[in-house]
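**Student:** Encoded as structure tokens, here's the structure I'll be asking about.
Number of protein chains: 2
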Amino acid sequence: MTRSQLVAEIFKKKTFLCVGLDVDVEKIPAHLLKNEHPIFEFNKAIIDATQEYCVAYKPNTAFYEQYGVEGWKAFEETVTYIKTNYPNHFIIADAKRGDIGNTSHAYAKAFFKNMDCDAVTVAPFMGCDSVQPFLEYENKWAIVLALTSNKGANDFQNKKTENENFLFEEVLKTTAKWGTDENLMFVVGATQAKMLEKIREIVPTHFLLVPGVGAQGGSLQEVVKYGFTKDCGLLVNSSRGIIYASNHNDFAAAAATEAKKIADEMASFFN
Amino acid sequence: MTRSQLVAEIFKKKTFLCVGLDVDVEKIPAHLLKNEHPIFEFNKAIIDATQEYCVAYKPNTAFYEQYGVEGWKAFEETVTYIKTNYPNHFIIADAKRGDIGNTSHAYAKAFFKNMDCDAVTVAPFMGCDSVQPFLEYENKWAIVLALTSNKGANDFQNKKTENENFLFEEVLKTTAKWGTDENLMFVVGATQAKMLEKIREIVPTHFLLVPGVGAQGGSLQEVVKYGFTKDCGLLVNSSRGIIYASNHNDFAAAAATEAKKIADEMASFFN
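Top line first, the protein sequences correspond to chains A and B.
Numbering that gives the first Met the number 0 numbers the first residue of the first sequence as 0 and each following residue consecutively.
Numbering that gives the first Met the number 0 numbers the first residue of the second sequence as 0 and each following residue consecutively.
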């Protein structure tokens, strides 16, 4: 998906919500477990119920890999289901991959060529040749970790470098040169919303993928205050708060209610 | 596998070779492609032929993920094959994972609980809670990226922090506190062999996983000179140089020859 297509969807629907599909069979409604493919059935119901309130879906590979081959199959089926039924939704493989060049090429092939995801999250630690292979596919995106929403962000990302910058600032400055705002986004946790002011000085036009609103405690209002641009420039993710809103028969309707709540708040920022 | 078991194997066999199982169907012998499971058949033959010359195997997940569900199945079958037939070999899932706590838990479950790998390579960028879940399994290991063998290592790892340390030194110092030399190793590329002197000052007893000997140009002699300890403390990996030594019918024998060459050189360091 191109940047202009993504921006058009956001402004048409007045939402920049991304729903995180982090499926855990211990948390999904019991009646689904009788199904042959419970993870996929759960995702399908969540997607059908929430698609009108969001512009993106973000399945995190960890939650699928933990179920081995069956999990990987559910991941692929989920991507195919979205592509087929809701082709205007942006699909992010939240994989946090990154390896030496020829190996990152294999990851890019897995997520872009085989599965047709729109974006992959990428860890920057191994540098340019670990990110570059994700930038070589037309209309595909690398979403590079800059400042994450977890406590561990303080261990390295928030440490100063010799130029008095924080490491995450170095990551933004350096990585931004490897691509453009048409194939590169950055992850910035909502728990670090005030940092968005600083971040927008470095990458004024790039899209930011913002996890951490909801379960992790980040504030949507703060994120918008410091991060919103004329093209919106934000994809705000919520996972657990939406997909586990209920674990009874009404789980899909409950997920829709939660997604709508966030989407309604988002719509107000477009006025 | 415990540290003492690993050390015992190394001293018994006088080798610290790790064979990287980075399978690419475009590079394996054509006759294997007629087989229903060419990747697994290739690995099986390589493992049988090389096991006496090495103490560890390192399949890199990227090369399996690029073949989707079939690839993931081949990864699992390969791990099971090694566990069943060569239980004294150390198995490293070269996955370079790392995510927020609850997500890293899912990755740890995938590789340790479901597949019984001995170790997973982990990216440190997201900090403590992204590494910790890999340290909670008994007799399992997190192998944290410190200084990698690729050109991109210069982008961040080799940048100075405000304390005049390189970032990779900060990673070693900080990360070493999260575990012990019984559940934590570090990746240090052979192309950076001279840095091993500095690295051994920070982590004198930890095992180091050293890729980059062979195809990437690193020197075994240099690695040993600066990195070898009284417990050996090294796992030196070679992938392409061994597994693609020939792409004809003799591929397994050719792989054995290459592995033996390295193992013979390694044996000389034990005298």
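From the three backbone atoms N, C-alpha and C, an ideal C-beta is built for every residue, glycine too.
It should be emphasised that the depicted structure is a prediction, and the values quoted were computed from it without experimental measurement.
1. With DSSP run on the structure shown, which of helix, strand or coil describes F89 of chain A?
2. Is there a Cβ from chain A that is less than 8 Å from the Cβ of C127 of chain B?
3. Would you list, in sequence order, the uninterrupted beta strand (DSSP E) runs of no fewer than 3 residues that lie entirely inside the stretch 200-257 of chain B?
4. Can you give me, in chain order, the residues of the stretch 111-127 of chain B that have a beta carbon less than 7 Å from any beta carbon in chain A?
5. Which residue wins for smallest C-alpha separation from H247 of chain B, given the options B:K12, B:V186, B:F165, B:E25?
6. Determine the direct distance from the alpha carbon of F155 of chain B to that of V187 of chain B, and round the result to whole angstroms.
7. Counting pairs of beta carbons, one from the stretch 173-185 of chain A and one from the stretch 189-200 of chain B, are three or more of them closer than 8 Å?
8. In whole angstroms, what separates the C-alpha of S3 of chain A from that of L207 of chain A?
9. From the DSSP output, read off the bridge partner residues of W71 of chain B.
10. Is the stretch 110-125 of chain B close to the stretch 241-261 of chain A, with three or more CB pairs under 8 Å?
11. Got a sec, what are the start and stop residues for the alpha helix (DSSP H) G100 of chain B sits in?
12. Is the beta carbon of C231 of chain A less than 8 Å from the beta carbon of F15 of chain A?
13. G126 of chain A by DSSP, collapsed to three states: which one?
14. Give me the chain B residues within the contact set of D106 of chain A, using Cβ-Cβ distance strictly less than 7 Å, ordered along the chain.
15. In chain order, what residues of the same chain lie with their CB nearer than 8 Å to the CB of E169 of chain A, ignoring the 5 residues before and after it?
16. Whole angstroms is fine: what's the gap from V210 of chain A's alpha carbon to L144 of chain B's?
17. From I81 of chain A to I38 of chain A, what does the alpha carbon distance come to, in whole angstroms?
18. Since A92 of chain A meets chain B, which of its residues come closer than 9 Å, beta carbon to beta carbon?
19. So is N246 of chain A in contact with chain B if we call contact Cβ pairs under 8 Å?
20. On the CB-based measure, 16 or more other CB atoms within 10 Å of its CB, does Q50 of chain B come out buried or exposed?
21. Roughly how many angstroms separate the alpha carbons of L31 of chain A and E257 of chain A, rounded to a whole number?
22. Helix, strand or coil: which one does DSSP assign to P58 of chain B?
23. Closer than 8 Å, CB to CB, is A109 of chain B near chain A or not?
24. In three-state DSSP terms, what is T160 of chain B?
25. Give me the Cβ distance between A254 of chain B and A55 of chain B, rounded to the nearest whole Å; I'm assuming they're in contact under 8 Å.
26. Can you pull the chain B residues whose beta carbon is under 8 Å from the beta carbon of L144 of chain A, in chain order?
27. At a Cβ cut of 8 Å, what residues of the stretch 147-166 of chain B count as close to chain A, listed as they run along the chain?
28. Excluding sequence positions up to five away, which residues of its chain have a Cβ less than 7 Å from the Cβ of H104 of chain A?
29. Can you say whether P281 of chain A is buried or exposed, counting buried as having 16 or more other CB atoms within 10 angstroms of its CB?
30. Whose Cβ in chain A lies nearer than 8 Å to the Cβ of E169 of chain B?
31. Could you name the residues of the stretch 30-54 of chain A whose beta carbon sits closer than 7 Å to any beta carbon of chain B, in the order they occur along the chain?
32. Counting only Cβ pairs nearer than 9 Å, list the residues of chain A close to G67 of chain B.
33. With the cut-off set at 8 Å, would you say A141 of chain A and N182 of chain A are in Cβ contact?
34. If we count the other Cβ atoms within 10 Å of its Cβ and call it buried at 16 or more, is Q220 of chain B buried or exposed?
35. Interface residues of chain A around G100 of chain B at Cβ under 9 Å?
36. Within its chain, find whatever has a CB closer than 8 Å to the CB of K259 of chain B; leave out the 5 residues flanking it on each side and keep chain order.
**Tutor:** This is what the structure holds:
1. strand
2. yes
3. Taken in chain order, the unbroken stretches of beta strand (DSSP E) that lie wholly in the stretch 200-257 of chain B and span 3 residues or more are 207-209, 233-237.
4. N113, A122, P123, F124, M125, G126, C127
5. B:E25
6. 14 Å
7. They do not touch, by the three-pair rule.
8. 15 Å
9. Paired residues: none, contrary to the question.
10. No contact exists between the stretch 110-125 of chain B and the stretch 241-261 of chain A.
11. 100-107
12. yes
13. coil
14. A small fix is needed here, since residue 106 of chain A is Tyr in this sequence, not Asp. Those are A61, E64, listed as they occur along chain B.
15. By the criterion of a C-beta distance shorter than 8 Å, E169 of chain A is surrounded in its chain by T160, N162, once the five residues flanking it on both sides are discounted.
16. The sequence given here has Pro at residue 210 of chain A, not Val. Straight-line Cα distance between these residues: approximately 24 Å.
17. One alpha carbon belongs to I81 of chain A, the other to I38 of chain A, and they sit about 14 Å apart.
18. Ordered by position in chain B, no residue passes the 9 Å Cβ test against A92 of chain A, which lies about 10 Å from the chain.
19. No Cβ of chain B is located within less than 8 Å of the beta carbon of N246 of chain A.
20. With 16 or more Cβ atoms within 10 Å of its Cβ, Q50 of chain B is classed as buried.
21. Going from the Cα of L31 of chain A to the Cα of E257 of chain A covers about 21 Å.
22. strand
23. yes
24. Reduced to three states, the DSSP call for T160 of chain B is strand.
25. Actually they do not touch by this definition, with Cβ atoms about 15 Å apart.
26. F124, M125
27. T147, S148, N149, K150, G151, A152, N153, D154, F155, Q156, K158, K159, T160, E161, E163, L166
28. P132
29. For residue 281 of chain A there is no data in the structure shown, the boundaries of chain A being 0 and 270.
30. What E169 of chain B touches in chain A: F155, K158.
31. none
32. W71, K72, E75, A109, N113, M114
33. yes
34. exposed
35. N149, K150, G151
36. Y52
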